[in-house]
């Protein structure tokens, strides 16, 4: 198919990327119309964006820029990367305008763009922390200063704003900031690379948006400098900053999870433009390391509080899981780029896993509370050290997650489909309109509650083309019918069903994914999930919450591993969810008598009472009474006593 | 029995403490003569102490003091608490001299005492970091500065040195330092309390050594100031510093584990002198919280890397367990004081658990390598972030553990026995001579390899007195014979067998503890040990190491929960250990095919081959080829697939 004219584009625009297997659609080619994600996008616009702006005002992020711009007196507030939250919020507004224009939001955001421009220094430098709190000290702490990180987010916001509105004020700010960075750190200049990646993918996108090859070269230069010991003075080992080995030698995801995945996203972007095989080979090794040893069933990533980092392979504790909301989003970013590079369904599967579980748990159903960490087990106790408290807060001192959630929700449509020379690929399912390359498709589904997806070809070129539908790896079975007829195409879970024909307006395709709930086991090397099972239905991972199981203590419940599972639509619960029921039992732990360890020969079988377990989607936990929660449920047949 | 005259005394001297249920023995009243602990004490003197001095020289600890004393030029090296490692090492030498005089070691340590004295400022202030690196800034960062912490260790070393040698040079330094602190922070003075406890127990001991009530009052004052928000500017929540609640309201052990347990030790010391019931009530609540939810089976304490802290109850991950060696030693310190306060066997049980397992794992069999963290599971992988690398190092940048191990090994004899008005209590078993209050007892045992302990009364007052023998809670059964006759006394595990009679020289008592290996289960709320069993024999917790199980992969091994267990003395292994064998099997994990999660209905039973498992004592792991290790072993009957 022909490349689209350069119009409002997605967060990643691979339409002209020579090494992209798939091409992204223009920004308004996809509209999510109703159903599950439409509700979240509406909530994002009506609640989250406004809440975010109030928080940015009260936390000082916007005041910091006003002070930097000389519009206000005062002291810098917050951590060094405060600007980035403003930029992520601006990007969220831009992506939301790209999704659906709105004069009011455009006029709210517009003066903030002017403020950002006013804060920029004549030479293009922009960072309110260094300008206000440490004047004269810019570029003195590349390891922790987050200056390039902030410009990365500025650039992503600027590209999104220009693509959504045609207004290039912020893009000009970003270009001047990038030019400044190039003048200091460009090829042949000062040899440094930032402690927190983010600017790499932003620079590649700036190259895509402007056609200026210098930005791609700058991204490459920053990437090439890693693993050579240039990041000095760090409080953490070099792996934390992805500086242990050169990127082409990397074989693991390691260190700070968000940094690691942001860098991988940027490196994938560079591959999409340059086609350098050593890069994609390293990325593939890292991806296998991630999904083969460091991935939670929720799509959460980063096992450790210490360094907010990946653990060793199979080190996946449930209760003290870090699983920063930003890491789940970073995984979506990286997997999307890997999908665009390869066209392989496994990357779309991981996007789906993250979106419906470890990402979405990061925001409350009300849209104005956010998790920073997303554990898979909570005992519902008061947390003494503070950080792991399983509660969503209205904002965080380190507030990277909330505006990241907002921009991700606003951009969901971008991940639904792509084009290649054979036709159209549908990666994610929702009720949506798709309109690109002369193809108009209407998709209707109550996904993820229902596995039925109906597609109607409303407009089509007359030549044959291929409609590819992802059959999720989680599906036990799937069928595809074209105009009511099944069997003409293979629908293997973990791949794309490929329907090639000369389509006609009114043609209909029905996809039926088997949504029966299933029990999952975990690899035996994962110690925290041993003897446990998890419940999954469709793309949704489930959990048990204390509030549904009184008078039993959640920690005392076991799941009958032979239990049939029932699914019930429960409209009044948690804004409407499919609950899953299972047979279980409540165990008495009284024989332990306040002792943690006992000889087996002193223990007798525990007394138990039958219980019906009611599981809810993981993303919806902690929206009712505070209390315990668990994803991995001890299974009855694992009893040793 | 009469209080002994004030002579060389133990690390804690409760002989005149009005609220001590038990009285400590003088320093040389106990001599460990041969067997298990004698080997370690000899190694400590012949290898560890000399190694420690070399490390203190090369790391800069001693140079720092030389610079502070004006004897040398240079810059301060290392973290702010470098002095404390010198003091702990001096205390280790002192305790070793108390155990067995040695002119060479006394002459090696003596000039270092002069150096410490020379470094002290005229007003009594002593801290080489502030004197050298931040002159004029003393007492400006009470939360992180560790100045009182260092004086605490100075004081403990000074008391030990004076008690061991009669030389009071160091004690005079400590007295001047304590007086200086009193002049700044004493009752009615500047309201502050240190971020890292340690000085509290030291001040009580200084009171015991000098009779100066002011030091007890100062300790009380520092303790009373906690929980009132005085520790400001902290990088961590107040719980980290034990400043969340007043000590009398505490009901949990929380925050930094070593700080928490050092404080608890000091508070117990204050109770021993004052008898304040609110203190002991809080300590009892905290102890129950610890053993009921936060204690590893090895006696390790502190679940989290984050803040080196206790986790929530039942949060006891095996692989990422922190279990700092210092925390196991702090547990010995606290439990010893609680034992002295109460006379209850449960505290001596916990001392034994810690000493033989989570403490002793902290030092290599060669005596010159040390663990900082002591995990219960290692997959033997290269550790990317560095901190958890399961290897003993010759020294650590934060080197609190190695000299702490040295002073603990040197002082082991102090924990063996005590006196009360009824007679003599034996808390720990070893081949040793006891000589106190007119009683001379010879104890012979191959403990912990053998459960046979033979005691001979060699000298005795003519009046009747009670010999109390701890029957460890781990023992499935025990018998006590007096002069060959059994049955006259109850020997219930977890209590003391009390033998009261008019003893005669030559009387013999034979204790027989059932040492058959047993399988332990863990409380079902501990997620990391679910479906697993541990092996214990006597006081020793066992583990499996990769090196004993080739060609099987350790992570693939399972233990037959019905297996008989065999114990075999293996003299050539690990300096001689009793190994324990069990029936197990090796499982193939190939069906997981690099996937972490799979639907149960897609899995078939794993193929397996029978394996004989060979377990070694946990303390001895990581002394051969590097590789995987596990304490908690998956048990066959827990299979769900």
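Residue numbers (our numbering), protein chains in the order written: chain A, 1 to 641; chain B, 1001 to 1641. For every residue, glycine included, the Cβ atom is placed at its ideal position computed from N, Cα and C.
Through-space distance from residue j to residue i, alpha-carbon basis
i: residue 1532 (chain B); j: residue 1635 (chain B); result: 5 Å
i: residue 645 (chain A); j: residue 565 (chain A); result: Absent from the structure is residue 645 (chain A), since the part of chain A shown begins at 1 and ends at 641.
i: residue 1268 (chain B); j: residue 582 (chain A); result: 50 Å
i: residue 452 (chain A); j: residue 45 (chain A); result: 28 Å
i: residue 1633 (chain B); j: residue 1534 (chain B); result: 6 Å
i: residue 1478 (chain B); j: residue 1626 (chain B); result: 38 Å
i: residue 472 (chain A); j: residue 1591 (chain B); result: 20 Å
i: residue 1329 (chain B); j: residue 1409 (chain B); result: 10 Å
i: residue 146 (chain A); j: residue 139 (chain A); result: 9 Å
i: residue 158 (chain A); j: residue 171 (chain A); result: 5 Å
i: residue 52 (chain A); j: residue 13 (chain A); result: 27 Å
i: residue 1521 (chain B); j: residue 1543 (chain B); result: 14 Å
i: residue 1615 (chain B); j: residue 1449 (chain B); result: 14 Å
i: residue 1290 (chain B); j: residue 1190 (chain B); result: 33 Å
i: residue 63 (chain A); j: residue 81 (chain A); result: 14 Å
i: residue 485 (chain A); j: residue 392 (chain A); result: 48 Å
i: residue 606 (chain A); j: residue 519 (chain A); result: 24 Å
i: residue 1426 (chain B); j: residue 233 (chain A); result: 53 Å
i: residue 1295 (chain B); j: residue 1266 (chain B); result: 20 Å
Beta-bridge pairing of residue i - partner residues as DSSP gives them
i: residue 1143 (chain B); result: Looking at the DSSP assignment, residue 1143 (chain B) forms no beta bridge with any residue, so it has no partner.
i: residue 459 (chain A); result: A:440
i: residue 545 (chain A); result: A:629
i: residue 370 (chain A); result: A:363 and A:393
i: residue 1614 (chain B); result: B:1581
i: residue 1423 (chain B); result: B:1466
i: residue 433 (chain A); result: A:31 and A:442
Residue i at chain A interface by Cβ criterion, 7 Å
i: residue 1297 (chain B); result: yes
i: residue 1391 (chain B); result: no
i: residue 1402 (chain B); result: no
i: residue 1631 (chain B); result: no
i: residue 1580 (chain B); result: no
i: residue 1589 (chain B); result: yes
i: residue 1334 (chain B); result: no
i: residue 1395 (chain B); result: no
i: residue 1592 (chain B); result: yes
CB contact check: residue i to chain E, cutoff 7 Å
i: residue 555 (chain A); result: Judged by its chain identifiers, the structure shown contains no chain E, and its protein chains are A and B.
Cutoff 7 Å: residue i Cβ touching any chain B Cβ
i: residue 596 (chain A); result: yes
i: residue 217 (chain A); result: no
i: residue 381 (chain A); result: yes
i: residue 642 (chain A); result: No answer is possible for residue 642 (chain A): it lies beyond the span of chain A, which begins at 1 and ends at 641.
i: residue 541 (chain A); result: no
i: residue 600 (chain A); result: yes
i: residue 627 (chain A); result: no
Item to complete: Starting from the N-terminal side, write out each stretch of the alpha helix (DSSP H) that is 4 residues or longer and does not extend beyond the region 1308-1362 of chain B.
Response: If only uninterrupted alpha helix (DSSP H) runs of at least 4 residues are considered, those enclosed by the region 1308-1362 of chain B are 1325-1342 and 1345-1353.
Discussion item. Any C-beta of chain B within less than 9 Å: which residues of the region 504-537 of chain A qualify?
Written reply: Residues of the region 504-537 of chain A with a C-beta less than 9 Å from any C-beta of chain B: 518, 519, 520, 521, 522, 523, 524, 525, 526, 527, 528, 529, 530, 531, 532, 533, 534 and 536, listed in chain order.
Worksheet item: Can you list, in chain order, the stretches of the alpha helix (DSSP H) that have 4 or more residues and sit fully within the region 252-314 of chain A?
Response: 257-274 and 277-293
Worksheet item: Which ranges would you report for the beta strand (DSSP E) in the region 465-523 of chain A if only whole runs of at least 3 residues count?
Response: 465-471, 478-482, 495-501, 508-513 and 518-522
Practice prompt. Quick one: which unbroken alpha helix (DSSP H) runs of 4-plus residues sit fully inside the region 1194-1225 of chain B? Chain order, please.
Written response: Note on the region 1194-1225 of chain B: whole alpha helix (DSSP H) runs with a minimum of 4 residues are 1199-1210 and 1213-1224, in chain order.
Fill in: Members of the region 286-318 of chain A that neighbour chain B once the beta carbon cut-off is set at 9 Å
288, 291, 292, 293, 294, 295, 296, 297, 303, 304, 305, 306, 307, 309, 310, 311, 312, 313, 314, 315, 316, 317 and 318
Worksheet item: Residues in the region 1245-1266 of chain B with C-beta within 9 Å of chain A's C-beta atoms, listed in sequence order?
Response: So the close ones are 1252, 1254 and 1255.
Item to complete: Residues of the region 1358-1379 of chain B with a CB closer than 7 Å to any CB of chain A: list them in chain order, please.
Response: 1377 and 1379
Fill in: Segments assigned beta strand (DSSP E), at least 3 residues, entirely inside the region 531-595 of chain A
532-537, 540-545, 557-559, 566-570 and 577-587
Worksheet item: Taking the runs of the alpha helix (DSSP H) that are 4 residues or longer, which of them lie wholly in the region 1121-1168 of chain B?
Response: Listed in chain order, the complete alpha helix (DSSP H) runs (minimum 4 residues) inside the region 1121-1168 of chain B are 1147-1165.
Practice prompt. Enumerate, from N- to C-terminal direction, the unbroken beta strand (DSSP E) stretches of 3 or more residues contained entirely within the region 7-71 of chain A.
Written response: 30-34
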